[in-house]
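Taking numbering that gives the first Met the number 0, the leading residue of the sequence shown gets 0, the next gets one more, and so forth. Cβ atoms here follow ideal geometry from the backbone N, Cα and C, with glycine treated the same way. Below is one structure, written out as structure tokens; comments come after it.
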Amino acid sequence: MRLRLPTALVAAGLALAACSAETETPEAPSETTAAAPDQGLPVETLPETQRTDWAECPYLDTEWVAQTNGQRVTGVGIDSRFDTPACQFWSYPEEPQLTVIVRHMASPQESMAVVDWATPVDFTAPADQPPGWNGGRHGGGEVPNRIGAAYSVARGTHAVTVFTNQDESVKAQRVAEQVIATLGL
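Following this line, the structure appears as structure tokens:
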């Protein structure tokens with residue numbers, strides 16, 4: 000009898016440990032993400048990178064960006080303060096040629112606040128691509144004190160914003176659509 004009871008307890012303990020390990024491992028990242036989306040960064044946070052950086056963007060190909068935005072890429076910076084690192088692509092002008100921000104917010108209202116900050120309703124046109132996403136867009140010179148165009152859309156708790164130093168918002172839109180497809184948002 001002595002051997003059976005300890006053996007049964009060890010087997011039960013191992014079974015419970017295996018079950019709890021399987022249950023907790025996948026859930027932990029989701030709970031952490033929901034508790035502190037983008038590490039609590041304010042809605043209006045812009046990436047902080049340097050034009051001399053060169054760290055490949057994890058979700059956009061540098062050559063594709065150069066072709067899509069129409070400028071040679073001379074530097075790539077990523078800002079890991081965002082859950083999905085924000086990417087900035089540099090060229091010869093002083094400002095970044097392209098800034099891509101993917102936000103994971105606590106609520107749909109907060110993700111729409113990102114869109115409203117990036118593409119203020121008073122100065123922009125509606126944006127609704129890809130299907131199921133909505134937000135705003137503007138061309139160069141349409142928003143006071145801004146250089147270039149922007150495309151910003153949200154769906155649920157996700158928001159994707161692209162700023163370009165080019166005047167055409169279609170370039171920012173193409174980048175946003177590519178980011179959404181690549182990340183499976």
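Under the three-state DSSP convention, the category residue 171 falls into: Look at residue 171 here: in three-state DSSP terms it is helix.
Using DSSP bridges, identify the partner residues of residue 89. Note: residue 89 sits in a beta bridge opposite 74.
Name the DSSP bridge partner or partners of residue 63? In the DSSP output, where bridge partners are listed per residue, residue 63 has none listed.
Going by DSSP, what residue range makes up the alpha helix (DSSP H) through residue 112? Run containing residue 112: 107-117, per the alpha helix (DSSP H) assignment.
Residues in its own chain within less than 8 angstroms of residue 174 by CB, not counting five upstream and five downstream? Annotation for residue 174: 59, 64, 67, 68, 97, 99, 150, 161, 163 place their beta carbon closer than 8 angstroms to its own, counting only its chain and skipping 5 residues before and after.
Which of the three DSSP states, helix, strand or coil, is assigned to residue 194? The first residue shown for the chain is 0 and the last is 184, placing residue 194 beyond what the model contains.
What is the C-beta distance between residue 134 and residue 148, in whole angstroms, given that I count them as a contact (C-beta under 8 angstroms)? The Cβ separation is near 13 angstroms, so there is no contact.
Quick one: what does DSSP say residue 39 is sitting in, helix, strand or coil? In the structure shown, residue 39 sits in a helix (DSSP, three-state: H, G or I).
How would you call residue 37, buried or exposed, if buried means at least 16 neighbouring beta carbons within 10 angstroms? Within a 10 Å sphere around the beta-carbon of residue 37 sit 16 or more other beta-carbons, which makes this residue buried.
Where the beta strand (DSSP E) containing residue 151 begins and where it ends: Boundaries of the beta strand (DSSP E) harbouring residue 151: 148-154, taken from the DSSP string.
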